[in-house]
Every structure is written in structure tokens, then in C-alpha cells.
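Visitor: Take the sequence shown: its position 384, counting from 1, is numbered 543 in our numbering, and each next residue is one higher. Beta carbons are placed, not taken as given, at the ideal position from N, Cα and C, and that holds for glycine. These figures come from a predicted structure and were not determined experimentally. First the structure, then my questions, so here it is.
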Amino acid sequence: MKIVVLDPNGELRDVSAAFHRALGTTDTVSTVTSAHALSTYVGRQSPELVVVELAGDDAQDSGWLVLKRLRARYERLPILGVGVEDGFSPAIDAIRGGATGYIARIPPLDDRVSLFLAHFHGLRRLVHEAELLEEEAERFHRAEDERYRIVGESPQMREVRRLVERVARIPRPVLVLGERGTGKELVARAIHRTASNSDSLGPFVAVNCAALPDTLLESELFGHEKGAFTGAAHTRSGKFEQASNGTLFLDEIGHMSLAFQQKILRVVEYKRFTRVGGQEEIEVRTRIVAATNANLDERLRKGQFLHDLYDRLAFEVIRVPPLREREGEIETLAQYFLDQFMREVPAFAGKRLSQRAVNLLYGYSFPGNVRELKNIIERAVYRDTTNELTPEDIGILTDHRFQATSGTFKQRVAAFERQLLVDTLRTKNSNRAAAARSLGLRYHQLRHLVAKHNLDEDL
Ligand SMILES: Nc1ncnc2c1ncn2[C@@H]1O[C@H](COP(=O)(O)OP(=O)(O)O)[C@@H](O)[C@H]1O
Ligand SMILES: [Mg+2]
């Protein structure tokens, strides 16, 4: 340990000597004789403890002034004040003035110094641990931020991020729409993270509404009282309660039964619910983010989705576009997932994407969107042996949505033709001239094909 004592006229010689005796041989106790020398010493040597005399006056070069200046400059530097009086009130004065501790330089000096050092070591350990924890938390937050970063600079994704920022601090439901794998859950988490930076501190809780039948979903969401049904041995809280002051992510709400939609509507509307088999009304303070890949317009029209629930959930609607419609993002995301995977598995470090692989990806429609791209990249990294990801590493990309796996040769070729048209028109935002150009067809040829496959209504 390195200690420096400010001792202009030798009055602290006994104190220095006591520190020498209390410390081990590897520790150093230096003495400086002016405030200027002390300031230089602190700047260059980074001592772990500074000792200054706090006499009654506050003349120019007095310890009080030195203490004030040091404290202003080094927020956490330990500074011990030394005075001539023992007792509570000089100690309080010293600590108010910014000192870390206080001792009187009167006998038994060795005992006073040892006692101070014991406290000091304990304190240092605590401070050190607190700093480690702070660093840890900081690292964790950075990792979380990185994990839930919405990547993409297309105008559509900028808009998505803008809406996330805007709605995050408003305690109202958000509806996230988009095909599977477009990043709906990521958007929900981004809303939660942005909001919890300021006030809400509860957790993010996700429920897949399509995965459970009504009765199970009800107890999953609202919890149940002991004995509510066979097997309910204990009272259990539901996801609404678990997400208290946080965010409840209701995934795949598009296919909930109408009866269940009613139940959700009641909670969203009155912010209260009862556990299954319970009487007591429980208040909900949870932000709801709902998501679906279903065509809600159609379901609303057909009476399969409640208008009232839609109106409630759609305080803000965030539409996450399919990957094939986002200008330039396939390459950005492919690179992002490649970097991420290389960081996760250091053995894969140093790999890069070949231009041919990027071209191959741009020719694909990604029915599984970003999730599918991520899987394709990770699998290619895993297969690759040359440090360059080639089309061979990526393999054959097939769109399973319309793939004709049976039928005659003619039927299957027709299915492929149709698929090719759909994909091209989608990537070109239904712009037929652009689609024709990219397929090397004349405009009237494309129009003919669109009519032949009845694509007018689809696109
Ligand atoms: N814009 C994006 N930037 C980075 N990762 C993304 C992005 N969109 C999706 N992902 C990743 O793709 C995967 C699927 O996203 P997810 O939010 O689960 O999609 P969805 O809920 O729409 O099916 C996740 O691993 C997610 O982190
Ligand atoms: Mg999902």
C-alpha cells in the first residue's frame, strides 16, 4: 500500500512513524512538504491514501484547503484528516469537509492508526467489490443491448425504431404485426428495454397464446387459486402478475378463440382480473405488447377477431416488414449474424462472406425472414472449411411455402414458375416493369404470366 503524508513542518512525524510500524515491509509511507508537491505526487504516483493535517485555521496552505481541492479533483481518493483534538465533533467536521476518516495525533497513536487501517481495509474491500459489481452490471447491460439491437438501416426499419422510441414511455398497448421471423419479439423487447431505462422495472414476460388450449392459457395468464381444478395443489400467480410493472408479450394472438379474446379485452379495458377459481380482483399494472403473423384485417372481416380488442391493442401498430422488402438489409444482417456467431464461437473467427454467397441470398425470398437468414448463416459458418462462405456452404435455398412436392412434371414446373413470379414481384414491391426487367422478360410477357397464374389479387 502506498501512503503519502503532507507534513510541511514535521508535526506529523509521529503519525508517519506509526503508519510505518503498522504496515508491512512492502508498503511505503512518503512525506511531502508542500501542497504543490502533494498535488504532483497524487497525480503521478496514485497513492491509496493521503494524510493531511486539519488544523483549526483555514489559511492559504492549510490542510482544509488541500482537502477541498483534492476532493474536488479526485472523487474517490481516500484522505485521512489528522487533528490534535480527540472526539466526535472534529471527526464530523473532517468528514463534512470531504475526508474519508479522522484521527487525533495523541497517544496511544499506534492503536489509533491500527484501528483506522482495519476500518480502511474493510472499506476498501467493499468499495472494490462495489466497483466490480458495477462493471459487471455495465457489461451485462451492454451485452443485453447488443443482444436485443434492431439492426437495419432501410427506411422501413428506421421507422420501426422511431415508433419503438416514441411509444416506449407511454403506458398503452402496442400491436406488432409481421410475418414469422421478421423480428416482432425483438421489437417487443426493444420497447420494454427502452421503457425500463426510465421508470418501469418489472420483467419482460412472453406467452405464446397459440401454444395452449383456452383452459390452460387462462390459468397460465391469470394464475389459479389452490383447488381451482384437479391438480391445482397450490395457488399460482399468472403471467399478468409476473409481468407486474413490466411488459407482457402476448405472442400469436391472431388465433385465439373469440371467448378468450373477450377475457383479454376485459383485462385490457378494466385493468383487473381474477385468478382461476378466485374471487378477489387483482389490479394489473403491466404494459401489453401483442403480436401476430395472422392477417388481422381478414380475420376482423370474417368476425374471427374482435373489433373491440383490436381497437384496444392498436394504440400503436408497428408493422415489421418482411425481409425481402427491406432494401439492402440481407447483406447487413448476414454480416451481423456472421460477426455475432464468430464472437460466440471463437473457433470460427476470421470467416467472411463471398460476394457470390451474398448474391445467392439476394435471389432468395426468405419466407422465414430474419430468423431463417440467421439459421442459414450459422449453418454455413459451421459447414465452411475455407474461411470464405460460398454458395456451396449455404446450400440450396428452397421456398417451402409453394413448393410442389407432388404432381406431374408440368404441374411442378408451373408451381415453380408461379413462385418465381410471386417472389420477384414481392421484392420489387409489385412494380411489374421492374420485375420484368429483373427476370429478363418483356413487359407483356410478364403481364401474360401474371394473368395465367391469377396473381392479380395476390399482389
Ligand atoms: N432487425 C434485426 N436485427 C437483429 N436481429 C434480428 C432482427 N430481426 C430479427 N432478428 C433476430 O431474428 C430472430 C427472430 O426474431 P423474432 O423477434 O423472434 O421474430 P418473430 O417474433 O417475428 O417471429 C431472433 O433471433 C432475432 O433476434
Ligand atoms: Mg416470434
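Excluding the 5 residues preceding and the 5 following Lys-611 in the sequence, name in chain order all residues of the same chain whose CB lies nearer than 8 Å to its CB.
Guide: There are no such residues.
Visitor: Buried or exposed: Thr-259, going by 16 or more other Cβ atoms within 10 Å of its Cβ?
Guide: Counting Cβ neighbours within 10 Å, Thr-259 comes out buried, since at least 16 surround it.
Visitor: Could you tell me whether the region 506-517 touches the region 544-555, using the rule of 3 or more Cβ pairs below 8 Å?
Guide: Touching, yes.
Visitor: Can you list, in chain order, the residues of its chain whose CB lies under 7 Å from that of Ser-597, leaving out five sequence neighbours each side?
Guide: Closer than 7 Å at Cβ, skipping near neighbours: Thr-583, Lys-587.
Visitor: So, are the CB atoms of Val-346 and Val-335 less than 8 Å apart?
Guide: It is a contact, given that the beta carbons lie within the stated cut-off.
Visitor: Since Thr-406 sits in a beta bridge, which residues does DSSP pair it with?
Guide: Note: Thr-406 sits in a beta bridge opposite Phe-363, Arg-446.
Visitor: For Tyr-495, collect the residues of the same chain with a Cβ closer than 8 Å to its Cβ; drop the 5 residues on either side in sequence, then sort them by chain order.
Guide: Counting only Cβ-Cβ distances below 8 Å, and skipping sequence neighbours, we find Val-310.
Visitor: At a threshold of 7 Å, does Glu-486 count as lining ligand 2 (C-beta to nearest heavy atom)?
Guide: Incorrect: Glu-486 has no Cβ contact closer than 7 Å to ligand 2.
Visitor: Pull up the distance between the alpha-carbon of Arg-446 and that of Thr-406, whole angstroms please.
Guide: Their backbone Cα atoms lie some 5 Å apart in a straight line.
Visitor: For Ser-205, which residues from the same chain have a beta carbon less than 8 Å from its beta carbon, with the 5 sequence-adjacent residues on both sides left out?
Guide: Counting only Cβ-Cβ distances below 8 Å, and skipping sequence neighbours, we find Lys-161.
Visitor: Helix, strand or coil for His-466 per DSSP?
Guide: Three-state result, His-466: helix.
Visitor: Residues in its own chain within less than 8 Å of Glu-344 by CB, not counting five upstream and five downstream?
Guide: So the list reads Ala-365, Phe-408, Asp-410, Ala-450, once near-sequence residues are dropped.
Visitor: Please name the residue or residues paired with Ile-309 in a DSSP beta bridge.
Guide: According to DSSP, Ile-309 bridges with nothing at all.
Visitor: With distances taken from CA atoms, which of His-351, Leu-605, Tyr-233 is nearest Leu-579?
Guide: For Leu-579, the nearest C-alpha among the options comes from Leu-605.
Visitor: Taking 7 Å as the cut-off, does the CB of Arg-308 come closer than this to any heavy atom belonging to ligand 1?
Guide: Because some heavy atom of ligand 1 lies under 7 Å away, the Cβ of Arg-308 counts as near it: yes.
Visitor: As a quick check of your reading: which residues have a C-beta less than 6 Å from at least one non-hydrogen atom of ligand 2, in chain order?
Guide: Qualifying residues, in the order they occur: Lys-343, Glu-344, Asp-410.
Visitor: For Met-501 and Glu-338, I'd like the C-alpha separation in whole angstroms.
Guide: Distance between the alpha carbons of Met-501 and Glu-338 is about 28 Å.
Visitor: State the start and end residues of the unbroken beta strand (DSSP E) segment that holds Leu-334.
Guide: Here the beta strand (DSSP E) through Leu-334 covers 333-336.
Visitor: Rank Val-209, Thr-190, Val-272, Ala-231 by C-alpha distance to the C-alpha of Leu-182 and give the top, closest one.
Guide: It is Val-272.
Visitor: Starting from the Cα of Glu-170, find the closest Cα among Leu-482, Gly-222, Arg-542, Glu-428 and give me that residue.
Guide: Closest option to Glu-170, Cα to Cα, is Gly-222.
Visitor: Per DSSP, what kind of secondary structure is Thr-586 in: helix, strand or coil?
Guide: Reduced to three states, the DSSP call for Thr-586 is helix.
Visitor: State the CB to CB distance for the pair Phe-464 and Leu-455, rounded to an integer number of angstroms; the pair is presumed to be in contact (CB under 8 Å).
Guide: Right, the Cβ-Cβ distance comes to about 6 Å (below 8 Å), so this counts as a contact.
Visitor: With distance defined between alpha-carbon atoms, name the residue in Leu-197, Arg-331, His-351 nearest to Arg-320.
Guide: Comparing Cα-Cα distances from Arg-320 to each of Leu-197, Arg-331, His-351, the minimum goes to His-351.
Visitor: I'd like to know whether the C-beta atoms of Val-529 and Gly-342 end up nearer to each other than 8 Å.
Guide: It is a contact, given that the beta carbons lie within the stated cut-off.
Visitor: Is the region 375-392 close to the region 424-438, with three or more CB pairs under 8 Å?
Guide: Enough Cβ pairs lie closer than 8 Å, so yes.
Visitor: Check whether the Cβ of Arg-298 sits closer than 7 Å to any heavy atom of ligand 1, and report yes or no.
Guide: Flag unset: Cβ of Arg-298 not near ligand 1.
Visitor: Reducing DSSP to helix, strand and coil, say where Arg-301 ends up.
Guide: If DSSP states are grouped into helix, strand and coil, Arg-301 belongs with the helices.
Visitor: Would you mind giving the Cβ-Cβ distance between Glu-207 and Pro-237, rounded to the nearest angstrom? I have them listed as a contact below 8 Å.
Guide: The pair is a contact, with the Cβ atoms about 7 Å apart (cut-off 8 Å).
Visitor: Taking DSSP as the reference, what is the three-state secondary structure of Lys-533?
Guide: Of the three classes helix, strand and coil, the one that applies to Lys-533 here is helix, per DSSP.
Visitor: Confirm, please, whether the CB-CB distance from Leu-556 to Tyr-523 is below 8 Å.
Guide: Taking 8 Å as the Cβ cut-off, Tyr-523 and Leu-556 qualify as a contacting pair.
Visitor: If distances are taken between C-alpha atoms only, which option among Ala-250, Cys-368, Ser-248, Gly-257 comes closest to Arg-230?
Guide: Ranking the options by Cα distance to Arg-230, first place goes to Gly-257.
Visitor: At the level of alpha carbons, what is the spacing between Glu-379 and Leu-371?
Guide: Each residue's Cα considered, the two are about 9 Å apart.
Visitor: Going along the chain, which residues of its own chain have a beta-carbon closer than 6 Å to the beta-carbon of Ser-250, five neighbours each way excluded?
Guide: Reading off the sequence, residue 250 comes out as Ala, not Ser. Excluding sequence neighbours, Ala-250 sits near Tyr-261.
Visitor: Roughly how many angstroms lie between the CA atoms of Val-517 and Ser-355, to the nearest whole one?
Guide: Distance between the alpha carbons of Val-517 and Ser-355 is about 37 Å.
Visitor: DSSP has Lys-161 in a bridge; who is on the other side?
Guide: In the DSSP output, where bridge partners are listed per residue, Lys-161 has Thr-187.
Visitor: Look at Asn-404 and Arg-348 and say whether their C-beta atoms are less than 8 Å apart.
Guide: It is not a contact, given that the beta carbons lie outside the stated cut-off.
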